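In the numbering used here, the protein residues as written are 3 to 77.
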């Protein structure tokens, strides 16, 4: 099974404890959602896998941050 080089990592957080001008962040109560897409060598089907984990505290270095946005409104 060959693996695409497609990987999405989404951090859904409830608490941003601190950040600075470089976007270094200390986050609390974070849900990490990692999605990978693989291709089956025989059938050429895409296999999408999603894994989730909860992290109580997380430090994110600012140069790894691509986008910061509020959650989507659902109401």
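For each residue, glycine too, the CB sits at the ideal point set by N, CA and C.
The structure displayed is predicted, hence computed values, not measured ones.
- In this structure residue 37 is in contact with residue 52, their Cβ atoms being roughly 5 Å apart against a cut-off of 8 Å.
- At the C-beta level, residue 57 and residue 25 stay beyond 7 Å of one another.
- The alpha-carbon separation between residue 18 and residue 40 amounts to approximately 33 Å.
- Cβ-Cβ separation between residue 28 and residue 12: approximately 18 Å, too far for a contact (criterion under 8 Å).
- Collapsing the DSSP output to three states places residue 22 in coil.
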